[in-house]
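So the structure is just underneath, and the comments pick up after that.
Protein chains: 2
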Amino acid sequence: MTIGLPLLTARDSACCATVTGGALDADQAESIARVFKALGDPTRVRLLSLIAASDGGEACICDLTEPVGLSQPTVSHHMSKLVAAGLATREQRGRWAYYRVVPEALDSSARALLSS
Amino acid sequence: MTIGLPLLTARDSACCATVTGGALDADQAESIARVFKALGDPTRVRLLSLIAASDGGEACICDLTEPVGLSQPTVSHHMSKLVAAGLATREQRGRWAYYRVVPEALDSSARALLSS
Numbered sequence: 001m002t003i004g005l006p007l008l009t010a011r012d013s014a015c016c017a018t019v020t021g022g023a024l025d026a027d028q029a030e031s032i033a034r035v036f037k038a039l040g041d042p043t044r045v046r047l048l049s050l051i052a053a054s055d056g057g058e059a060c061i062c063d064l065t066e067p068v069g070l071s072q073p074t075v076s077h078h079m080s081k082l083v084a085a086g087l088a089t090r091e092q093r094g095r096w097a098y099y100r101v102v103p104e105a106l107d108s109s110a111r112a113l114l115s116s
Numbered sequence: 001m002t003i004g005l006p007l008l009t010a011r012d013s014a015c016c017a018t019v020t021g022g023a024l025d026a027d028q029a030e031s032i033a034r035v036f037k038a039l040g041d042p043t044r045v046r047l048l049s050l051i052a053a054s055d056g057g058e059a060c061i062c063d064l065t066e067p068v069g070l071s072q073p074t075v076s077h078h079m080s081k082l083v084a085a086g087l088a089t090r091e092q093r094g095r096w097a098y099y100r101v102v103p104e105a106l107d108s109s110a111r112a113l114l115s116s
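So the sequence lines, in the order shown, correspond to chains A and B.
Numbering-wise, UniProt numbering puts 44 at position 44 of the first sequence, and it's gapless, one number per residue.
Numbering-wise, UniProt numbering puts 19 at position 19 of the second sequence, and it's gapless, one number per residue.
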């Protein structure tokens, strides 16, 4: 089962809002900040980069613990924040969880920052 | 006096690193995450958008408190985080502090997220 919460899609009030494209209302700012909050942790940034650099763009949680030097529950906690923010998807296969980055979510977040 | 800490410049180890461009080391991830942490708060996202939308791209702190509904010390605290992250500059003129967004810093952060 794949769990993912796509963020900043067309149905999202912040889909096309940018930081420098006009004064944002509270809802738009909340949507934008939610993703950046998930990205505002060095372990989570490393985890995303490790997953993106993995064969086939997919990584087993069993291969993520050693590079970041953290326990599996801690890595799992960080990954749940990234999945909740729509930045990664999670698929359980047998004993292990496998993760993929959602490039569209990273690109959407990037667009929110680009000068308009 | 203008205070600003340009981030993600050529002298920064994370200047050209991207989240999906290969496994990041701890220092690169730290540099990237630091800026996103500053952006991971809805009030700070709104403040940046309000400043960017102001006449001449500059806003007095005296004009920022009412739109976000917060006291001046609280707004000042949020702004200090944005200045420390290199996302805004601060200039004291007489009684008031004036802020500008640093578009290059937003663009650098955006590039760190774009698919490579």
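Using N, Cα and C, we set each Cβ at its ideal position, and we do this for glycine too.
**Message:** Could you check whether the Cβ of Glu30 of chain A sits closer than 8 Å to any Cβ belonging to chain B?
**Reply:** yes
**Asked** Mind pulling the chain A residues with CB within less than 8 Å of Ser115 of chain B?
**Response** Proximity of chain A to Ser115 of chain B at the Cβ level (cut-off 8 Å) is accounted for by Pro103, Leu106, Asp107, in chain order.
**Asked** In angstroms, rounded to a whole number, what distance separates the CA positions of Leu70 of chain A and Gly21 of chain A?
**Response** The alpha-carbon atoms of Leu70 of chain A and Gly21 of chain A are separated by roughly 39 Å.
**Prompt:** Would the beta-carbon of Leu47 of chain A fall within 8 Å of that of His78 of chain A?
**Reply:** yes
**Prompt:** Mind checking whether Val101 of chain B and Gly57 of chain B have CB atoms under 8 Å apart?
**Reply:** yes
**Asked** Going along the segment 33–46 of chain A in order, which residues come within less than 9 Å of chain B, judged by CB to CB distance?
**Response** Ala33, Arg34, Val35, Phe36, Lys37, Ala38, Leu39, Gly40, Asp41, Pro42, Thr43, Arg44, Val45, Arg46
**Request:** May I have a chain-ordered list of the beta strand (DSSP E) segments no shorter than 3 residues that lie completely inside the segment 33–90 of chain A?
**Result:** 58–60
**Request:** Measure the beta-carbon distance from Val35 of chain A to Ala85 of chain A and round it to whole angstroms, keeping in mind my assumption that it falls under 8 Å.
**Result:** 5 Å
**Message:** Helix, strand or coil, according to DSSP, for Arg11 of chain B in the structure here?
**Reply:** Model confidence at Arg11 of chain B stands at a pLDDT of 42, short of 50, so the residue's coordinates are unreliable and nothing is read from them.
**Prompt:** For Ala26 of chain A versus Pro42 of chain B, is the C-beta spacing smaller than 8 Å?
**Reply:** yes
**Item:** Residues that Ala52 of chain A contacts on chain B, provided the C-beta gap is smaller than 7 Å
**Value:** Think of a sphere of 7 Å around the beta carbon of Ala52 of chain A: the chain B residues whose beta carbon falls inside it are Val19, Thr20, in chain order.
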